[in-house]
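Colleague: Let me give you the structure first, and then I'll get to my questions.
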Amino acid sequence: MNPRKVEEVKKKQGSSSREVEWVPTICNFCSTVCNLKVGVKEVNGKKIAVKIEGNEKSPLNRGKACARGQAGFRQTYDKARLTTPLIRVPGSKRGEWNFKPATWEEAYSYIMQKMQEHQVMPWEITMMGGWTSCVFYMPLALGFAIANGIPNIVAAPMQQCVASGHLGTDMVTGNFNVHDEVLADFENARYIIFSMTNSGVAAASTSRLVRLAEAKKRGAKIVVLDPRLSELAAKADEWLPIKPGTDSAFFLAMIHVILRRGLFEREYVVKHTNMPFLMVEHQGMFVPLMEQNEQGYPKAFFVYDEISGEIRKIPGYFNHNYTDVDGRGIRPVLTLPEGITFNGQKVKTVFELLIEQSAPYTPEWASEETGIPAETIERIAVEFGTIRPAMMDPGWHGARYENVINTRRLQAMLQALVGGIDTVGGWVMSAEYREKILLAMEKMKAGEEGPVLYLPGIQFPLKASGILFDPNSWYHGHPHYAIAKVMQDKAEGKETIVFPAFSDYGLKEAVEGKLMFNGEPYRIKAIILNASNPIRHYYPERRWQEILTNPNLALVVAIDVLPSDTTLYADVILPNLNYIERDEPFIYGAGPSPDLAYTTRFKAVDGPEQAKGTTDILFEFAIGFGNLEKFMATVAALAGFDLEDIKQEVGKALEGKQTFTRAMRNVSFKHYAKMLKTTPEKLEQEMREKGVILVETKEHLMEHGTLLKHLPVPTMSGRLEFYSYLMAGFVQMYGYQKNWDPGLVYIPPETKDVKLAANEFHFIYGKVPTVSYASTNSNNPLLMALSKVKGGKFLGVWVNRKKGKSLNLKDGDVVVLENAQNPEYSAKAVVFLTEMVRPDTVFISSSFGTKNPLLENAAGMGIPLNNLVPYKVEPFVTGFKSQEFTVRIIK
Amino acid sequence: MARYGMVIDLRTCVGCQACSAACATENQTPYWSDKWRTRVLDIEKGEYPNTGRHFVPTICMHCEEPACLTICPSQATFRDENGSILVNYDTCLGCKACMAACPYGARYVYDKNDVAKNREIHGELSQHNVVHIDKCTFCFDRVERGLEPACVATCPAHTRIFGDLDDPNSEVAKLVASGIAKPLRPDLNTKPKVFYIY
Amino acid sequence: MAVENSLHFERQEAYEWPLAVYLLLGGIGGAFISLSFILHYLFSWSPVGNYGMLIGMGLFALAGLVLIFLDLERPLNAIYSLNNIKTSGISWDVVLIALSFGGAFFYVLPFYVSIPALEGLRLFFGGISAIAGFLFPVISGGLISAPVSVPLWHTPLLPVLFLINSFGVSVSAVPAIFGPGSEILAFIFNLAVFMANLVSLGGFIAFYEHAHNGPVEARYGFHEMWKKFNFQIGFLVVGLLFPLLLSGYMLFTGNFLSWGFGALALAQLIGGFALRNCLLKHGYHTYPWPY
Ligand code: SF4
Ligand code: SF4
Ligand code: SF4
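Chains as they are written, first to last, in full-length UniProt numbering: chain A, 1 to 891; chain B, 1 to 198; chain C, 1 to 291.
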């Protein structure tokens with residue numbers, strides 16, 4: 001063809017991204033919170049989103065976007081989109097889709113009228129938020145609850161994931177990020193071990209995946225523990241199909257080997273961890289030798305100094321152990337010389353305690369537990385202990401087993417043993433976390449306390465749930481109902497929960513009128529759901545059906561974008577603007593990014609005319625409750641905003657000159673402009689151009705703010721804790737239980753001793769790269785098409801091929817999966833025979849199972865996980881024991 | 001004038017299908033009919049516990065000796081100045097000879113239903129308004145604007161690498177020259193310009 | 001990596017039954033035309049020269065219509081089908097049909113109107129028409145067998161089988177329609193059918209070798225095809241063995257059954273369709289993915 005013709009033909013074939021206007025945004029489809037840009041075209045005066053791409057300036061996702069992120073804009077055009085407030089038709093039952101369209105006024109007055117009719121008191125309301133409320137609305141969500149006297153917040157990903165997923169590692173490192181946690185420096189690591197994760201990297205957290213791929217290219221060795229050959233395991237140099245729920249045994253054996261062979265990073269361990277700290281014998285037990293202040297915080301610890309040959313006192317909260325309280329240089333030892341005593345009492349170091357405690361956890365023992373040969377365990381321990389930098393992936397998803405907190409804690413210990421906390425090729429902490437520690441140090445020096453939302457690491461959730469838990473922080477004297485339930489359990493002599501942070505523990509009893517507090521029923525009469533879908537996300541579905549259909553519940557309000565399965569149970573549905581349809585109310589730090597950067601969203605397209613942003617809805621509720629002033633003051637205090645700014649901007653919103661979202665955004669821009677020494681206008685302009693503003697690189701930050709090297713971590717001692725003082729505190733308060741053993745312990749999975757019948761299996765679930773969580777993005781037509789490409793691999797139940805054949809199962813057979821311990825929980829499933837799973841285990845994807853027929857692409861696809869999982873929680877943070885049962889396959 | 005090519009590094013692909021999503025969005029391909037310009041195969045090999053799981057992105061190889069072009073009666077399949085193999089939607093007969101001839105499964109029919117569905121979704125912005133045989137274009141429209149192809153730009157695992165094979169400094173040229181990136185079945189004499197590292 | 005281990009078979013979906021019909025009708029059409037020309041030219045068998053040619057043209061026309069309206073996704077764009085006369089099998093097909101059809105048209109025309117200017121060129125037109133007609137089954141077979149993408153098809157035996165089948169049908173159909181003409185002609189026809197089927201058997205055995213014992217890539221589709229009733233009965237029994245036995249019987253006993261040629265034509269027609277359709281249906285791409 002001649003060149004002119006070629007040109008002509010090509011000119012006719014444009015592509016979506018040609019001549020678009022790019023609008024920066026933050027992805028809303030998983031907690032990796034990638035920085036993205038939405039491509040917008042104008043057709044007949046209307047803006048239409050046509051493409052989403054990664055923002056090249058992002059320190060997180062480096063310009064990349066996974067399938068979900070790219071498909072996100074299709075949500076705006078979903079046929080099932082909620083476009084107007086809906087009120088349940090009188091006489092219809094919750095669970096039926098029977099609503100009539102209403103105006104916002106009608107919806108609000110319906111809500112207020114129900115509240116009055118049933119005399120709903122503030123503590124009788126429960127707010128329930130999905131992960132987006134935590135990440136994007138924390139100041140508003142928390143501020144709203146506090147200002148309105150609502151102590152009851154249920155945060156959707158806590159029990160399923162975050163609480164137990166993070167707590168274990170955080171006990172060692174002091175970290176806690178709302179979401180997401182640590183963005184480890186994979187690309188500089190040479191040896192990486194993964195356990196109980198797929199979503200965390202390959203399925204797919206883009207910010208991690210870009211780094212792990214780089215590690216692969218540089219030749220890092222990758223080991224994956226997983227009973228099935230997940231996307232991540234497929235990339236491993238060594239896939240270890242471990243027996244479900246026994247990963248902690250593997251790690252204990254690794255610790256056993258590494259401690260005994262001295263394969264840890266000795267100087268780091270001596271200098272920055274509490275391994276050399278002395279323990280003293282007390283009533284036959286060894287307890288920490290320390291001095292405490294009135295609040296119980298450590299004032300000083302003791303170590304044996306090998307230079308002077310004396311026991312020396314070192315500061316209670318500090319980043320290293322090389323100076324004593326008098327500022328003298330010392331070198332603590334891990335192993336004490338014979339016969340050292342303290343005031344005549346026997347002492348030993350934490351290191352020595354761990355040596356003793358780890359004695360039974362030999363590779364041979366672990367081999368019995370895990371089904372992995374002892375030589376393999378030993379070899380991996382040696383490789384991990386000798387190759388530097390080695391990395392134990394921090395993990396991503398928690399829950400699943402009662403022992404997950406312990407497992408993640410052991411992983412953090414292993415990482416600390418190889419000296420890999422906040423180091424190149426290790427767990428590099430987020431810039432935001434670093435900033436918060438710096439701020440906290442400043443405040444500490446000045447003897448002040450910073451705003452709650454700026455508390456570093458684990459101190460934030462402790463403080464925030466402390467507010468909810470403490471009856472005295474509420475004028476009405478009612479703590480979170482979960483605490484009332486805990487008190488009732490204790491009174492009844494029942495086992496209970498230590499730290500039911502943002503949990504649903506006791507909610508059912510409260511709704512049913514069975515929860516007592518101070519001699520009176522503690523009732524929950526209203527539930528406000530914000531972007532949360534408990535009918536699908538919580539365990540089990542039936543419990544939530546019972547809660548939401550209970551006639552005691554006067555009101556269920558759902559704020560959402562699409563008709564999730566839970567909206568079927570609402571009385572009022574309020575249509576929400578989605579993430580590309582709104583200017584975000586705040587500026588945020590760039591998630592777990594190790595570079596200090598700020599970002600926000602810009603509105604790319606118009607949403608449905610009647611839909612509103614969550615900020616506006618919360619403000620309008622606060623006005624309705626008559627608590628606007630308090631709301632503004634609380635938000636200001638929590639986030640450290642200028643109250644006058646808020647009043648001024650909200651004032652304009654009240655006059656109808658702007659939305660409340662815009663008002664908060666202006667406040668936030670002013671706040672950050674001051675911090676970044678610029679003007680709000682310039683800041684806005686730069687944000688719009690770049691989407692992400694890089695303030696300081698990781699290298700730069702680490703020069704003066706490396707944790708441990710320069711800064712203490714927010715553990716009790718400021719060091720990495722192999723012996724957890726927080727957990728020791730729990731032992732004191734609640735008595736000893738393995739779950740909060742401050743040292744080394746093994747908690748076998750409950751299913752360990754189950755004798756599996758021929759058609760019975762261990763049960764595991766996991767994520768796929770095309771749909772995150774069980775969220776409504778499975779209704780996205782492109783994502784569903786990509787999922788269908790995978791067939792049974794995504795939508796069915798994985799059964800080992802030989803095992804399946806012995807049961808006469810064929811690919812595509814429809815079977816019933818039945819919980820073997822609780823047969824009332826069961827689900828239909830399509831069989832996928834494969835060599836990629838242990839013969840004693842079946843796997844399903846947890847991302848599907850949507851039922852609402854209005855979601856036409858998603859409804860009926862895949863297996864609803866929460867039809868199999870009963871209500872069983874572990875006693876530390878009410879983490880769901882969502883894999884701690886076996887299932888039968890019934891043909 | 002360039003000689004564009006791609007290297008696909010199977011060591012890092014995790015089968016996330018971000019590439020398929022990018023391509024489908026950029027080029028409005030009929031995902032609703034399970035037709036893609038680029039797919040990612042998910043291949044299971046071996047027996048438990050020695051099972052392998054391999055992700056293999058597939059795509060038009062933009063062959064230098066393209067069987068599709070040879071067989072096309074209307075010259076709707078043509079080669080542009082950069083060596084990429086394209087289809088002229090307007091003169092394509094839809095005889096499907098190219099589909100049969102392509103050894104890499106790179107082509108499909110953008111049929112009547114697909115055209116209608118695409119119009120329903122994209123309205124005036126529809127890029128496919130006539131029935132034709134469709135395939136990867138190496139995103140020439142993006143490349144002309146100095147961008148990488150959509151699938152390459154988004155691949156989080158840096159599995160896909162795009163560039164000018166004639167430019168000895170390009171990453172693709174280096175990888176091909178080093179011998180680590182290889183064509184599939186060179187014996188077919190199609191001379192693919194897509195190379196795999198495996 | 002052993003090649004055997006990493007073959008990915010996927011059924012081709014480009015060519016479906018309309019193409020089989022096209023190949024069959026076109027092939028027989030071509031054979032009819034060249035046969036009619038020969039019979040007319042050598043034996044001055046006028047009715048065959050006239051109506052035989054017309055039947056061939058009709059078959060060609062039908063084949064063209066099937067191709068355009070049942071196979072092409074965009075029938076109107078058929079006008080572009082000659083754009084790649086250099087390399088495209090389909091373009092060649094179209095040229096052949098046009099030449100053969102056109103030649104036949106001018107060849108037949110003098111039967112109806114007397115155009116003196118044409119008389120001198122009649123042989124030329126007939127020759128062109130016959131050669132193009134002869135080539136059609138070969139080239140259209142080549143169209144299928146040329147690309148490397150479907151190993152089962154990638155053998156020169158395919159055009160040979162198509163050619164023989166097309167002529168087998170025509171050689172049986174002519175005496176069935178026009179009567180055997182003479183003893184000697186009947187004998188020749190029968191001999192031709194017998195030989196054709198004998199060669200076809202040989203060709204098939206060679207093809208079997210190619211597909212069954214030859215390259216592993218070809219085996220897969222062949223084995224699938226081999227198992228199918230349509231292939232076993234449709235092609236092997238009805239299309240190959242039956243005509244071979246029947247024509248052999250007639251040849252060696254000299255007993256020309258009255259229904260013999262009709263049955264032969266029909267059987268080979270059925271067999272021809274079965275052969276083409278089964279081959280298309282069981283064409284598997286062998287994708288060369290490395291795992
Ligand atoms: S985007 Fe990259 S990693 Fe993901 S499937 Fe495609 S090629 Fe593989
Ligand atoms: S891969 Fe197929 S479609 Fe692409 S140029 Fe080669 S033969 Fe043509
Ligand atoms: S180069 Fe462009 S058209 Fe080709 S597969 Fe990639 S995204 Fe699709």
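Virtual Cβ for every residue (Gly too), placed ideally from N, Cα, C.
Using the beta carbon as the reference atom, which residues fall closer than 6 Å to any heavy atom of ligand 5, ordered along the chain?
Modeller: Inclusion of ligand 5 in the displayed structure is not the case, the ligand content consisting of ligand 1, ligand 2 and ligand 3 alone.
Colleague: Counting only the same chain and skipping the five closest in sequence on each side, list residues whose C-beta sits under 7 Å from that of residue 275 (chain C).
Modeller: 161, 165, 235 and 239
Colleague: Quick one: does the C-beta of residue 63 (chain B) sit closer than 7 Å to a heavy atom of ligand 2?
Modeller: yes
Colleague: Is there a Cβ from chain A that is less than 8 Å from the Cβ of residue 11 (chain B)?
Modeller: yes
Colleague: Residue 305 (chain A) lies in the beta strand (DSSP E); which residues open and close that run?
Modeller: Looking at the DSSP string, the run of the beta strand (DSSP E) that includes residue 305 (chain A) is 298-305.
Colleague: Should residue 102 (chain B) be counted as a contact of ligand 2 given a C-beta to heavy atom distance under 7 Å?
Modeller: yes
Colleague: Scan the region 90-166 of chain A and note each continuous alpha helix (DSSP H) run of 4 residues or more that stays entirely inside, going in chain order.
Modeller: 104-117 and 131-147
Colleague: Taking 8 Å as the CB-CB cut-off, is residue 21 (chain B) touching chain A?
Modeller: Yes, its Cβ sits closer than 8 Å to a Cβ of chain A.
Colleague: Assuming residue 892 (chain A) is part of the beta strand (DSSP E), what are its boundary residues?
Modeller: As displayed, chain A neither begins before 1 nor continues past 891, which places residue 892 (chain A) out of reach and without an answer.
Colleague: Return the first residue and the last residue of the beta strand (DSSP E) that residue 648 (chain A) is part of.
Modeller: Premise fails: residue 648 (chain A) lies in the alpha helix (DSSP H), 643-654, not in any beta strand (DSSP E).
Colleague: Is any beta-carbon of chain B found at less than 8 Å from that of residue 452 (chain A)?
Modeller: no
Colleague: Which residues does DSSP list as the beta-bridge partners of residue 828 (chain A)?
Modeller: A:816
Colleague: How close, in whole Å, do the beta carbons of residue 525 (chain A) and residue 509 (chain A) come, if the pair is a contact with beta carbons under 8 Å?
Modeller: About 14 Å; that fails the 8 Å criterion.
Colleague: Can you tell me which of A:248, A:345 and A:223 puts its alpha carbon nearest to the alpha carbon of residue 278 (chain A)?
Modeller: A:345
Colleague: Using the beta-carbon count (16 or more within 10 Å), is residue 584 (chain A) buried or exposed?
Modeller: By the Cβ-count criterion, residue 584 (chain A) is buried, with 16 or more other Cβ atoms from all chains shown falling within 10 Å of its own Cβ.
Colleague: Which one of C:251, C:289, C:90 and C:109 has the shortest CA to CA distance from residue 186 (chain C)?
Modeller: Comparing Cα-Cα distances from residue 186 (chain C) to each of C:251, C:289, C:90 and C:109, the minimum goes to C:251.
Colleague: Closer than 8 Å between beta carbons: that is the criterion. Which residues of the region 166-198 of chain B meet it against chain C?
Modeller: Going along the region 166-198 of chain B in chain order, one finds 184, 185, 188, 189, 190, 196 and 198 with a Cβ nearer than 8 Å to chain C.
Colleague: If you draw a straight line from the C-alpha of residue 46 (chain B) to the C-alpha of residue 836 (chain A), how long is it?
Modeller: Linking residue 46 (chain B) to residue 836 (chain A) through their CA atoms gives a straight-line distance of about 9 Å.
Colleague: Within the 8 Å Cβ cut-off, does residue 2 (chain B) reach chain C?
Modeller: no
Colleague: Is there a Cβ of chain C sitting closer than 8 Å to that of residue 48 (chain B), yes or no?
Modeller: no
Colleague: Secondary structure at residue 165 (chain C), three-state DSSP: helix, strand or coil?
Modeller: helix
Colleague: In chain B, which residues lie less than 7 Å from residue 835 (chain A) when you measure between Cβ atoms?
Modeller: 44, 46, 47, 48 and 51
Colleague: DSSP has residue 1 (chain B) in a bridge; who is on the other side?
Modeller: Looking at the DSSP assignment, residue 1 (chain B) forms no beta bridge with any residue, so it has no partner.
Colleague: So, are the CB atoms of residue 128 (chain A) and residue 668 (chain A) less than 8 Å apart?
Modeller: no
Colleague: Residue 154 (chain B) touches chain A at which residues, Cβ-Cβ below 7 Å?
Modeller: 53, 54, 64, 65 and 70
Colleague: Cβ of residue 151 (chain B) within 8 Å of Cβ of residue 2 (chain B)?
Modeller: no
Colleague: Could you check if residue 66 (chain B) belongs to the surroundings of ligand 2, using beta carbon to heavy atom distance under 7 Å?
Modeller: yes
Colleague: Are the Cβ atoms of residue 93 (chain B) and residue 140 (chain C) separated by less than 8 Å?
Modeller: no
Colleague: Within 10 Å of its beta-carbon, does residue 115 (chain C) have 16 or more other beta-carbons around it, so buried, or fewer, so exposed?
Modeller: exposed
Colleague: Hey, is the region 537-550 of chain A in contact with the region 200-215 of chain A, meaning 3+ C-beta pairs nearer than 8 Å?
Modeller: The region 537-550 of chain A vs the region 200-215 of chain A: no contact.
Colleague: Excluding five sequence neighbours on each side, which residues of the same chain lie with their C-beta closer than 6 Å to the C-beta of residue 225 (chain C)?
Modeller: 231, 278 and 282
Colleague: For residue 142 (chain B), go through chain A and note every residue whose CB falls closer than 7 Å to its CB, in chain order.
Modeller: 15 and 17
Colleague: So if I threshold CB-CB distances at 7 Å, which residues from the region 81-101 of chain B count as touching chain C?
Modeller: 91, 92, 93, 94, 95, 96, 97, 99, 100 and 101
Colleague: What residues of chain C sit near residue 122 (chain B), judged by a beta carbon separation below 7 Å?
Modeller: Those do not exist, as residue 122 (chain B) stays about 21 Å from chain C at its closest Cβ, beyond 7 Å.
Colleague: CB of residue 87 (chain C) to nearest heavy atom of ligand 2: below 7 Å?
Modeller: Using a cutoff of 7 Å, the CB of residue 87 (chain C) does not count as near ligand 2, since none of the ligand's heavy atoms is closer than that.
Colleague: Can you tell me the Cα-Cα spacing of residue 337 (chain A) and residue 709 (chain A), whole angstroms?
Modeller: 28 Å
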